Structures are given as structure tokens and as C-alpha cells.
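Notes to accompany the following structure.
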Amino acid sequence: MKKIWLALAGMILAFSASAAQITDGKEYTTLDKPVAGEPQVLEFFSFYCPHCYQFEEVLHVSDTVKKKLPEGTKMTKYHVEFLGPLGKDLTQAWAVAMALGVEDQITAPMFEAVQKTQTVQTVADIRQVFVNAGVKGEDYDAAWNSFVVKSLVAQQEKAAADLQLQGVPAMFVNGKYQLNPQGMDTSNMDAFVQQYADTVKQLVEKK
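Going by the working numbering, the first residue of the sequence shown is number 1, and it counts up by one from there.
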């Protein structure tokens, strides 16, 4: 009897494992031309993008992905410049945030200012969001035209071009795979977020 139960338990575990497997063309797609040298997990977004706001501030997809990543896996987030009148300036501002290590500090207030209160209308308004979030104005100014920030802007632009980015939000793994949210179950948002994060984890571990 014990052997039978163990066999049944093994079958159930095997079924559970197979049910969670991901499929190329469904939860993700393999890029025609893999891009070497990209971050392990790379997310593209725009502060102008309503879906990016939902992903970040409502569904907390990025946070869930980070928590599920294998230890030591690096996750990077790049801003795109092709949306909105200040898209290029916001990409540079995001480079400032990366250079100063204040990405988490800036994300929510910048989304709020761009999409909700619509108080970001000029480059000066972008700077003010940083200051209001606790970043010293002189630190922001020093970083704005620095070599480091210019390099980070170039990195963001090059990655978007190399990966032939078509829209945001978008997430890539190892420069080989792109997540495909349309192939996931969106009937339950909590389940969707978990499936999205699980897919990223499996792609990171994929050989």
C-alpha cells in the first residue's frame, strides 16, 4: 500500500511539474537574432505608458519577478524615448536615477507626476520630481550631463535598437527570449503575475 501511495505521489508531482512548463510561442518567444551582452533580465518601460504604470504600480510585476529570480541574477530596467514629448529627457533622467542608485525612490513619484497629476511638462519639472523625492538638486545637476549618464543613455538606446523593441512594457531574458503576456492567463491578475514571474525564472534557468 505504501508503495502505491508513493507511486501516486510521484505521478502527481510529475504532473504538477509538467503542467508548469513553458512553451516557446506561448508564454515567451525566442528571438530570431539573439543579442549577446544584454543584462540577464531586461525590462523596458516608459513613464508615459499606461500599461507600464499598471505593471509597476498596480500589479507589481517587477517586484514579483525580482523575488522569484535565482540568487545572483541581475535585473535591469531601461526607459524608452519613443513615447511622449519628453521621452528622450525622461530616458536621460532615468539614466540619472541609475547613476545615483535612486531608481526605486523615483519610479512611483515620476509615474504619478507624468500620468496622474500631469505636472511634468518641462525638463525642469522632471528635476523637481527628483528633488521632491529626496534627491539633492546639486547631485541631479552634476549627474545630468556626466559621462556616466551619457553612457547609460547610449546603453538604453542601443539595447532597444538591438532587440528591435516594438513596444512597452517588455521583458527580455539573456538577450534570447521575450516574454509574451498575451499567451498567459489574464482571467485572474494574481495568477497572471505569478505566471509571468515563473516564466522569467524558468527562462533564466534555461540552458
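Where is the CB? At the ideal position from N, CA and C, for every residue including glycine. A quick note: this is a predicted structure, and the numbers were derived from the prediction, not measured.
- In the structure shown, Leu59 adopts coil according to DSSP, grouped into three states.
- Rounded to whole angstroms, the separation of the alpha carbons of Pro169 and Lys150 is 23 Å.
- CA-CA distance, Gly72 to Val41, rounds to 12 Å.
- With respect to the 8 Å criterion, Glu56 and Phe130 are not classified as neighbours on the basis of their beta carbons.
- Remark: three or more beta-carbon pairs, one from each stretch, lie closer than 8 Å, so the segment 36-54 and the segment 78-85 are flagged as touching.
- Here Lys77 carries a strand assignment [DSSP, helix/strand/coil].
- Look at Met189 here: in three-state DSSP terms it is helix.
- Beyond the five residues adjoining it in sequence on each side, Ile106 comes within less than 6 Å, by CB distance, of Ala97, Ala133 in the same chain, given in chain order.
- When the beta-carbon positions are compared, Tyr196 and Val61 come within less than 8 Å of each other.
- Cβ-Cβ distances below 6 Å link Gln92 to Val153 in the same chain, with the five nearest sequence neighbours on each side left out; the list follows chain order.
- Counting only residues of its own chain and dropping the five nearest sequence neighbours on each side, Val135 has a CB closer than 8 Å to the CB of Leu100, Val102, Gln105, Ile106.
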